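The block underneath contains the structure these notes are about, expressed in structure tokens.
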Amino acid sequence: MKHIDSMTRTTTHRKPTSSAGALRLIGVGLIVGAIAVTASACGGSSTGAADAPAVTTAAPVAKTVNIDMIGKIDADKGPVGTFTSKEHWPAMAPGDVTFAAGDTVVLTIKEYDDAPTALPAGSPYNAVAGGTMTLDGAATTTVSNENIAHTFSIPELGINVPLSKAPDGGFSTTVFTFTVAKDKAGSYTWRCFTPCGGDPKGMGGSMATKGWMQGNVVVS
Ligand SMILES: [Cu+2]
0 MKHIDSMTRT TTHRKPTSSA GALRLIGVGL IVGAIAVTAS ACGGSSTGAA
50 DAPAVTTAAP VAKTVNIDMI GKIDADKGPV GTFTSKEHWP AMAPGDVTFA
100 AGDTVVLTIK EYDDAPTALP AGSPYNAVAG GTMTLDGAAT TTVSNENIAH
150 TFSIPELGIN VPLSKAPDGG FSTTVFTFTV AKDKAGSYTW RCFTPCGGDP
200 KGMGGSMATK GWMQGNVVVS
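Residue numbers are given in numbering that gives the first Met the number 0: position 102 of the sequence shown equals residue 101, and the series is strictly consecutive.
Here is the structure:
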């Protein structure tokens with residue numbers, strides 16, 4: 000309304016040369032006022048009419064996606080339902096995960112494996128990468144070799160989630176929050192980098208088998 004007032008004042012405060020001229024100037028003032036009201040109805044910006052199509056075709060608002068995984072153990076101990084019953088074959092379930100690029104993904108992993116598996120000295124996989132992480136509710140940026148059991152890693156996306164061993168008879172809870180850029184949609188493989196598999200180097204068996212210590216990641 001302030002805009003209209005200033006327009007009207009500027010127009011009607013001119014000194015008319017005749018009564019007919021005064022009426023004409025007031026009429027112009029009303030037309031200018033009407034145009035100002037129209038512009039305000041489009042959002043009030045100076046380019047309201049030009050902006051309108053862009054607003055109606057804007058991309059959908061990114062959503063938050065929750066994904067839950069369980070880190071299973073290979074021996075017959077711990078809570079029922081978390082065993083793989085295959086010696087040296089720990090697993091993460093479900094093996095495959097799907098989410099959309101641009102979404103905020105909250106990945107919650109309950110790790111039941113209570114045995115640490117150290118990474119080689121100097122490994123980058125002790126450190127959190129590609130998002131933020133809490134371990135049992137506390138902000139965490141790295142997990143030491145004394146505590147690390149597995150990792151959930153997607154190297155192509157710069158994502159690494161070091162998973163802490165479970166307390167005796169329980170589980171650790173890791174919550175990792177991340178967003179994959181829109182131009183990174185595609186198919187990837189997540190894998191574990193601790194040498195937790197069955198061969199002498201710890202990289203065989205479950206480590207080399209999808210659905211166990213690796214799986215598919217589909218970013219739509
Ligand atoms: Cu592992």
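We treat Cβ as the ideally placed atom computed from N, Cα and C, and that holds for glycine. Remember, predicted model here, so these are calculated numbers, not experimental data.
- DSSP places L118 in the coil class of the three-state scheme, outside both helix and strand.
- Exclusion of the five residues before and after T178 leaves T103 as the residues of its chain whose Cβ lies within less than 6 Å of its Cβ.
- Using a C-beta cut-off of 8 Å, the region 153-169 makes contact with the region 117-125, since at least three inter-stretch Cβ pairs fall below that distance.
- Here T97 is exposed: its Cβ has fewer than 16 other Cβ atoms, across all protein chains shown, within 10 Å.
- Of L118, D112, P119 and V105, the smallest CA-CA separation from G129 is found for V105.
- The beta carbon of Q213 sits closer than 8 Å to those of G94, T188, W189, R190, C191, M206 and A207, all from its chain and outside the five residues before and after it, given in chain order.
- Per DSSP, V160 is one residue of the beta strand (DSSP E) stretching across I158 to S163.
- The three-state secondary structure of N125, taken from DSSP, is helix.
- For A74, the CB stays at least 8 Å from every heavy atom of ligand 1.
- Residue burial is scored here from C-beta neighbours: D198 has fewer than 16 other C-beta atoms within 10 angstroms and is therefore classed as exposed.
- Nearest to Y111 by alpha-carbon distance, out of S186, D167, K209 and S152, is D167.
- In this structure, A148 lies away from A92, with their beta-carbon atoms at least 9 Å apart.
- Distances between the C-beta of T116 and the heavy atoms of ligand 1 include at least one below 8 Å.
- Under the three-state reduction of DSSP, S152 is assigned to strand.
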